[in-house]
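Chains A and B, in that order, are what the protein sequence lines are. Take 921 as the starting number for the first sequence in the numbering used here and just add one per residue. Take 921 as the starting number for the second sequence in the numbering used here and just add one per residue. We treat Cβ as the ideally placed atom computed from N, Cα and C, and that holds for glycine. This report refers to the structure that appears directly beneath it.
Number of protein chains: 2
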Amino acid sequence: MIRFYAPDIETTAKLPADESAHAVRVLRRRPGDEVEVVDGRGTLYRCRLVTDDHRGAVVEIVGRVPLPKVWKPYITVAVAPTKHLDRMEWLVEKLVEIGVDRIVPLRCARSERKEIKAERLERIAVSAMKQSLKAVMPRIDPMTSLSSFLSETRCTGEECYIGYCDAETPRLLLAKAYTPGADVKILIGPEGDFSPEEVASARAAGYIPVTMGDNRLRTETAALVGCDTIQILNQLDGF
Amino acid sequence: MIRFYAPDIETTAKLPADESAHAVRVLRRRPGDEVEVVDGRGTLYRCRLVTDDHRGAVVEIVGRVPLPKVWKPYITVAVAPTKHLDRMEWLVEKLVEIGVDRIVPLRCARSERKEIKAERLERIAVSAMKQSLKAVMPRIDPMTSLSSFLSETRCTGEECYIGYCDAETPRLLLAKAYTPGADVKILIGPEGDFSPEEVASARAAGYIPVTMGDNRLRTETAALVGCDTIQILNQLDGF
Chain A
921 MIRFYAPDIE
931 TTAKLPADES
941 AHAVRVLRRR
951 PGDEVEVVDG
961 RGTLYRCRLV
971 TDDHRGAVVE
981 IVGRVPLPKV
991 WKPYITVAVA
1001 PTKHLDRMEW
1011 LVEKLVEIGV
1021 DRIVPLRCAR
1031 SERKEIKAER
1041 LERIAVSAMK
1051 QSLKAVMPRI
1061 DPMTSLSSFL
1071 SETRCTGEEC
1081 YIGYCDAETP
1091 RLLLAKAYTP
1101 GADVKILIGP
1111 EGDFSPEEVA
1121 SARAAGYIPV
1131 TMGDNRLRTE
1141 TAALVGCDTI
1151 QILNQLDGF
Chain B
921 MIRFYAPDIE
931 TTAKLPADES
941 AHAVRVLRRR
951 PGDEVEVVDG
961 RGTLYRCRLV
971 TDDHRGAVVE
981 IVGRVPLPKV
991 WKPYITVAVA
1001 PTKHLDRMEW
1011 LVEKLVEIGV
1021 DRIVPLRCAR
1031 SERKEIKAER
1041 LERIAVSAMK
1051 QSLKAVMPRI
1061 DPMTSLSSFL
1071 SETRCTGEEC
1081 YIGYCDAETP
1091 RLLLAKAYTP
1101 GADVKILIGP
1111 EGDFSPEEVA
1121 SARAAGYIPV
1131 TMGDNRLRTE
1141 TAALVGCDTI
1151 QILNQLDGF
């Protein structure tokens, strides 16, 4: 059954405009029809359509099914959006599939893309969430400068890593550094990598330089492999 | 320095036509200029251009640098190409980046795409190999039926896994099943999954049903996560 996304369903008992139009105009759902709705925070709602208003279809909630995320730690990935938007959009889709909690588009000194619309990434995340039968959406931040992001970080009670390509800098292998079960923040730089000054400020904030292995990876691949490494290590330890 | 791909450089001392045109017409390399060439089998050649023939530029080999693959086991992934070609092309790029030895496009009972041009996938693999500074290309097979692929498999001296979504079938977690260091074959089915008959024949051939975790993944994501799991477990054990 096709699912709809309504983050405010508990308070509004309505589908948002775009989801209403999809349900009513494209899929021709009518009052009385059953629909499944997810709120992006871990609940699946079994609903019955009450009106077929394509700008805001009213629903009656028939049942609630908890569908929490299947991994335990809180995984944040802060990544410089790629020059080509399709690579970043692809990354968001894949991050939703493998499961992360928060995606922060990062503005860095050498970023080729200085702006990105969070709404566009949100739409892709919603679509990936539905397709992968999840009820949990990652939080997607607006474009954030590295310095702002570092200033919010305490690196206490969580593990903080910065992916860095420069072989001159001593780096740990992420797969060996990460402690399964721990909340984690991973920084991934742009195509031209972080600047030495950015690495220094991240280290001062408690971030540990890591590598994903001996393969040279594109920005979006490094972000995905980094998060996948965390997921696999947690699976191995039953988290 | 931009690298060129010439699988037969040792016998021909020439760049292939497309690489010659790129070197001479696009990058305007001239006789006497230095170029780097990879053969796709683990050697980087430092060369000097002798002619600027855009249909087959002659080179003089000045030096040979071994650039073998950085992982030890032989990793084969046989995957049903996705309906949308761009997802399969994306997968090939990512598999080259994270490193696999052989990619087999698989024709299955429920395949939405029954044909695919191996040359098109090869071009993407060549480009990803250059971009990720590798000198090793995975072997890319022509479209192969599952039954043909199974008939070549002995599953002796290697571990054979089939990714399968049906929760009714007992499955191991790939991350827990795989023995680091072992050669491995992984089967990934099409959007509609393998048919029960296909799973039965794979099991009869020695394939063990596995899951990549509790997240529902698209075909191309499952193939990537499967191979990445193998790479990460090998990294952890120093292979």
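Check the Cβ of I1150(A) against every Cβ in chain B and list those closer than 7 Å, keeping chain order.
-> Those within 7 Å of I1150(A) in chain B number zero; the least Cβ separation is about 10 Å.
Spell out whether any CB of chain B is found under 9 Å from the CB atom of G1133(A).
-> The beta carbon of G1133(A) falls within 9 Å of a beta carbon belonging to chain B, placing the residue at that interface.
So, is the C-beta of K1003(A) closer than 9 Å to a C-beta in chain B?
-> Not an interface residue.
Members of the segment 1061-1080 of chain B near chain A, C-beta cut-off 7 Å = Residues of the segment 1061-1080 of chain B whose Cβ lies closer than 7 Å to any Cβ of chain A: none.
Nearest to V997(A) by CA position, among Y925(A), A943(A) and D1061(A), is which residue?
-> Checking every option, the nearest Cα to that of V997(A) belongs to D1061(A).
Does the distance from the CB of P1129(B) to the CB of V1119(B) come in under 9 Å?
-> Pairing P1129(B) with V1119(B) gives a Cβ-Cβ distance under 9 Å.
May I ask which residues mark the beginning and end of the alpha helix (DSSP H) holding L1005(A)?
-> First-last of the alpha helix (DSSP H) with L1005(A): L1005 to I1018.
From what residue to what residue does the alpha helix (DSSP H) around I1150(A) run?
-> Here the alpha helix (DSSP H) through I1150(A) covers T1139 to L1156.
Selected residue, minimal CA-CA separation from T971(B), among R984(B), P936(B) and P1100(B) | The candidate whose alpha carbon is nearest that of T971(B) is P936(B).
Extent of the continuous alpha helix (DSSP H) run through K1050(B) | Per DSSP, K1050(B) belongs to the alpha helix (DSSP H) from A1038 to Q1051.
Using a Cβ-Cβ cut-off of 9 Å, state whether G1019(B) counts as contacting chain A.
-> Yes, G1019(B) lies at the interface with chain A (some Cβ there is under 9 Å from its Cβ).
For P1025(A), which beta-bridge partners are listed by DSSP?
-> DSSP, once it has assigned bridges, lists V999(A) as partnering P1025(A).
Closer than 7 Å, Cβ to Cβ, to anything on chain B: give me those residues from the segment 1134-1146 of chain A, in chain order.
-> Under the 7 Å Cβ criterion, the segment 1134-1146 of chain A contributes D1134, N1135, R1136, L1137, R1138, T1141 and V1145.
Going along chain A in order, which residues have a C-beta closer than 7 Å to the C-beta of K1050(B)?
-> Chain order gives no chain A residues near K1050(B), where near means a beta carbon separation below 7 Å; the closest approach is about 11 Å.
Can you list, in chain order, the residues of the segment 982-996 of chain A whose Cβ is nearer than 7 Å to any Cβ on chain D?
-> Given the protein chain composition of this structure (A and B), no chain D is represented.
Three-state secondary structure assigned by DSSP to P1116(B) = In the structure shown, the three-state DSSP call for P1116(B) is helix.
CB contact flag (V957(B), L964(B), <9 Å) = With contacts defined as CB atoms closer than 9 Å, V957(B) and L964(B) qualify as a contacting pair.
With 9 Å set as the bound, which would you pick, yes or no: does the beta-carbon of L1093(B) sit closer than that to a beta-carbon of chain A?
-> Taking 9 Å as the CB threshold, L1093(B) lines the interface with chain A.
Roughly how many whole angstroms lie between the Cα atoms of I1108(A) and Y1127(A)?
-> Each residue's alpha carbon lies about 12 Å from the other.
Do you know whose CA, among S1071(B), G1077(B), L1053(B) and G1019(B), lies nearest A1124(B)'s CA?
-> Of the listed residues, the one whose Cα sits closest to A1124(B) is S1071(B).
Run down chain A in chain order and give the residues with a C-beta less than 7 Å from the C-beta of E1041(B).
-> In the sequence under discussion, the amino acid at residue 1041(B) is Leu, which differs from the Glu named in the question. By Cβ distance, chain A contributes nothing, its closest Cβ being about 18 Å from L1041(B), past 7 Å.
Helix, strand or coil: how does DSSP classify S1031(B) here?
-> Coil at S1031(B), not helix or strand.
Chain A within 9 Å of L964(B), Cβ atoms only = No, no contact with chain A.
Spatial neighbours of C1080(A) within its chain, please: CB distance less than 6 Å, with the 5 preceding and 5 following residues excluded, ordered by chain position.
-> In chain order, K1105, G1126 and Y1127 place their CB closer than 6 Å to the CB of C1080(A), counting only its own chain and leaving out the 5 sequence neighbours on each side.
Going by alpha carbons, who is nearest to G976(B) out of P986(B), K934(B), M1049(B) and G952(B)?
-> Minimum Cα distance to G976(B) is reached at K934(B).
Taking Cβ positions only, does L1053(A) come closer than 9 Å to chain B?
-> Yes, its Cβ sits closer than 9 Å to a Cβ of chain B.
Between K1105(A) and chain B, is there a C-beta pair that is closer than 9 Å?
-> It does not; no Cβ of chain B falls within 9 Å.
Return the first residue and the last residue of the alpha helix (DSSP H) that F1159(B) is part of.
-> From DSSP, F1159(B) is part of no alpha helix (DSSP H); its letter is neither H nor E.
Cβ neighbours of P1110(B) in the same chain (closer than 7 Å, five flanking residues each side left out) = Cβ-Cβ distances below 7 Å link P1110(B) to A1000, C1028, R1030, S1031, E1032 and T1139 in the same chain, with the five nearest sequence neighbours on each side left out; the list follows chain order.
Which residues in the same chain as Y1098(B) place their Cβ atom closer than 8 Å to its Cβ, once the five residues preceding and following it in sequence are excluded?
-> Within its own chain, the residues whose Cβ lies closer than 8 Å to the Cβ of Y1098(B), once the five positions on either side in sequence are excluded, are E1079, Y1081, V1104, T1149, I1150 and L1153, listed in chain order.
Quick one: is I1096(B) near chain A, going by C-beta distance under 9 Å?
-> Per the sequence presented here, residue 1096(B) reads as Lys, with Ile not at that position. For K1096(B), the answer is yes, since a Cβ of chain A falls inside 9 Å of its Cβ.
Roughly how many angstroms separate the alpha carbons of M1057(B) and M1049(B), rounded to a whole number?
-> Near 6 Å, if we compare the C-alpha coordinates of M1049(B) and M1057(B).
When DSSP labels each residue in this structure, what does V982(B) get in the three-state scheme?
-> Three-state result, V982(B): strand.
Considering only C-alpha positions, which residue in the set G983(A), P1100(A), R1074(A) and G1083(A) is nearest to L1116(A)?
-> Note that residue 1116(A) corresponds to Pro in the displayed sequence, not to Leu. Measuring from the Cα of P1116(A), the nearest candidate turns out to be G1083(A).
Can you name the start and end residues of the alpha helix (DSSP H) that E930(A) belongs to?
-> I929 to T932 is the extent of the alpha helix (DSSP H) around E930(A).
Using the C-alpha atoms, what's the distance from G952(A) back to D1113(A)?
-> Computed Cα separation, rounded: 54 Å.
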